[in-house]
Amino acid sequence: MIVAAALPLVAEHGAAVTTSQIARAAGIGEATVFRAFQDKDALLDACVAEAVGVDHVLRELASVPLDEPLTVRLTEAAEALCAHLERMGTVIGSLYASGHRRDRTHPPAARADGEPPEDGRTRSFRVLQDAVVELIEPDRERLRLAPERVAAAFLGLLFSRLPARGGAGSAPLAPEELISVLLHGTLADPGSA
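The UniProt record's numbering puts the first residue of the sequence shown at 1, with every later residue one more than the last.
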């Protein structure tokens, strides 16, 4: 509850947000903040963990009805993932811009199966890709590539949809455009290539 109330304030004020502002937004006393968190840095770290965590977006992806057409499923997935990326970028960017640069990275633990350890970013990407595969799976027979490959292409397009510099094409691809490129390419007449 405290982190949920703090996230919009952290996005707006960065590390300059006060625990008093957070307590007011959460409807609690400031002392309660310090009962839940050792200090303000611990609270900011929890906000970063929530912003980069994928649990929320995984719930959204799991709620996409599998009986919808593939374009609808992928558009809903793109919208959920874009919102997640925007929230993550806003929170982390605001903290970084306001001087909060804590390095809390720890090397990943060794895996029991002898495989190299998986870091948090790799694990997050893998679970997101698995969730997208589930959305694509009902159309496996209609696809030229396996759902796993389509999901990797989808996420690659989504994560690289940075705006072009200047001009009419300066906005990033809208989810509908991204899905169109993924499923139909960019040629007006695919047979003409």
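Glycine included, C-beta positions come from ideal geometry on N, C-alpha and C. Keep in mind the model is a prediction, meaning the values are calculated, not measured.
- Burial check for ARG149: the Cβ neighbour count within 10 Å stays below 16, so the residue is exposed.
- In this structure VAL91 touches LEU7 by the C-beta definition: roughly 6 Å separates them, less than 8 Å.
- In this structure, ASP139 is the residue among ASP139, GLY99 and ALA5 with its C-alpha nearest to the C-alpha of LEU74.
- Excluding sequence positions up to five before and after GLU176, its CB lies within less than 7 Å of the CB of THR75, all in the same chain and listed in chain order.
- With contacts defined by Cβ atoms closer than 8 Å, LEU44 and ALA15 form a contacting pair.
- Here ARG144 carries a coil assignment [DSSP, helix/strand/coil].
- Inclusion of LEU61 and LEU135 in the CB contact set at 8 Å is warranted, their separation being smaller than that value.
- Taking C-beta atoms under 8 Å as the contact rule, ALA51 and ARG24 fail to qualify, at a distance of about 21 Å.
- With contacts defined by Cβ atoms closer than 8 Å, LEU128 and VAL54 form a contacting pair.
- The criterion of a C-beta distance shorter than 8 Å is satisfied by LEU158 and LEU81.
- Annotated as distal: ALA151 and LEU182, with beta-carbon spacing of 8 Å or more.
- When the Cα atoms are used, GLY29 and ALA36 turn out to be separated by approximately 11 Å.
- Cα atoms of GLU12 and LEU145: separation of roughly 42 Å, rounded to the nearest angstrom.
- The Cβ atoms of MET1 and ALA26 sit closer than 8 Å to each other.
- In the three-state DSSP reduction, SER94 falls in the helix class (H, G or I).
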